[in-house]
Amino acid sequence: MTKTDAAAALRRAERHLRTRDTRLAGVIARIGRCQLEPHRRYFAALLRSIVSQQLSGKAADTIFARFLGLYAPGGVAGGARRHRSRTRCPTPAEILATPDAQLRAIGLSGGKTAYIKDLAQRVEDGRLALHRVSRLDDAELTAELVAVKGVGEWTAHMFMIFSLCRLDILPTGDLGVRKGMQRLYGLPELPSPDEMRALADRQGWAPYRSVASWYMWQVIDQL
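FYI, my numbering numbers position 106 of the sequence shown as 320, with every residue one higher than the one before it.
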């Protein structure tokens, strides 16, 4: 999906959600347009997802910046003035050539170090062909991604929403979406995955559940 196509689709999604869900219509009116936008930085997005697991946003930002810094000019893995950009994403081959000790030294756990290396190896040898992921359907793409060590359904959902801008993904494992639903609809407890799907069906979110989920994050972050 191009950025132009995505923008038009998001406007349709907002109109759909406003007409079917009166509570969400109020949120859309206060927050404004949905800011999802597709991009092709697939490898960087997956690396970031692995680094961010079980971390706060600030801690994840810090460690990911350290990770990129390894490959910047003068960085431990980057060599002296080897690259022009200080924020470039390393290639899979560069990551595979980086000693685990260097990755551990910037704050990555042993598990995350292994997960990053497995992702890099799968991209390098072609088992995970990132150039074709946009052509896979949701189930096929999820199966491809969860084959990577440390990548689960949540990461697959985030990738489909934020990288590919697929508009009908309901990330039932995301705490922020669960909290947004609980707050907006006055639920006594955090909804289970089945309860989330049932609520989305009642409120008429399909085929734009990704967009509705984006607004659930805004309920928590901005309202």
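Note that CB positions come from ideal geometry on N, CA and C, so glycine has one too.
| Asked | Found |
| --- | --- |
| Taking 8 angstroms as the limit between beta carbons, can you name the residues of its chain near Val362, skipping five residues before and five after? | Leu260, Tyr329, Asp332, Leu333, Arg336 and Leu342 |
| Which term fits Gln249, buried or exposed, when burial requires 16 or more other beta carbons within 10 angstroms of its beta carbon? | exposed |
| Would a check of beta-carbon distances place Asp235 closer than 8 angstroms to chain C? | Although the question refers to chain C, the structure presented lacks it and comprises just one protein chain. |
| Along the alpha helix (DSSP H) that carries Gln335, what are the first and last residues, could you check? | Gly324 to Asp339 |
| Hey, could you find the ends of the alpha helix (DSSP H) His253 is sitting in? | First-last for His253: undefined, no H or E at that position. |
| Would you decide whether Arg380 is buried or exposed? Buried here means 16 or more other CB atoms lie within 10 Å of its CB. | buried |
| Return the residue from the list Asp382, Leu350, Pro304 and Asp388 that minimises the CA-CA distance to Leu231. | Asp382 |
| Do you know offhand how far Leu404's Cα is from Thr386's? | 11 angstroms |
| Quick one: using the 10 Å Cβ neighbour count with 16 as the cut-off for buried, is Thr356 buried or exposed? | buried |
| Can you tell me the Cα-Cα spacing of Asp219 and Ala239, whole angstroms? | 23 angstroms |
| Determine the burial state of Leu398: buried for a count of at least 16 other Cβ atoms within 10 Å of its Cβ, exposed for fewer. | buried |
| Enumerate in chain order the residues of its own chain whose CB-to-CB distance from Pro407 is below 6 angstroms, with the five nearest sequence positions on each side excluded. | Thr386 |
| Quick check: the Cα distance between Phe376 and Glu228, rounded to an integer number of angstroms? | 17 angstroms |
| Taking the Cβ atom as the reference point for each residue, do Glu338 and Ala311 lie within a distance shorter than 8 angstroms? | no |
| Since I believe Arg234 is in contact with Tyr400 (beta carbons under 8 angstroms), could you give me their beta-carbon distance rounded to a whole number of angstroms? | The question names Tyr, yet the displayed sequence has Gly at residue 400. Rounded, the Cβ-Cβ distance is 18 angstroms, inconsistent with contact. |
| Apart from the five residues on each side of it in sequence, which residues of its chain come closer than 6 angstroms, Cβ to Cβ, to Thr369? | Ser263 |
| Taking Cβ positions, are Leu437 and Arg244 nearer each other than 8 angstroms? | yes |
| The alpha helix (DSSP H) with Pro407 in it runs from where to where? | Pro407 to Arg416 |
| By Cβ distance below 7 angstroms, which residues in the same chain neighbour Thr327 in space, the five residues on each side in sequence not counted? | Asp314, Leu317 and Arg318 |
| What do you reckon, are the CB atoms on Trp431 and Gly390 nearer than 8 angstroms? | yes |
| With a threshold of 6 angstroms on Cβ separation, who are the neighbours of Ser266 within its own chain once the five nearest residues in sequence on each side are excluded? | Ala274 |
| Please confirm whether Leu344 and Tyr285 have their CB atoms less than 8 angstroms apart. | no |
| Grab me the residues of Val433's own chain with a C-beta within less than 7 angstroms of its C-beta, minus the 5 sequence neighbours each way, in chain order. | Val241, Gly394, Arg397 and Leu398 |
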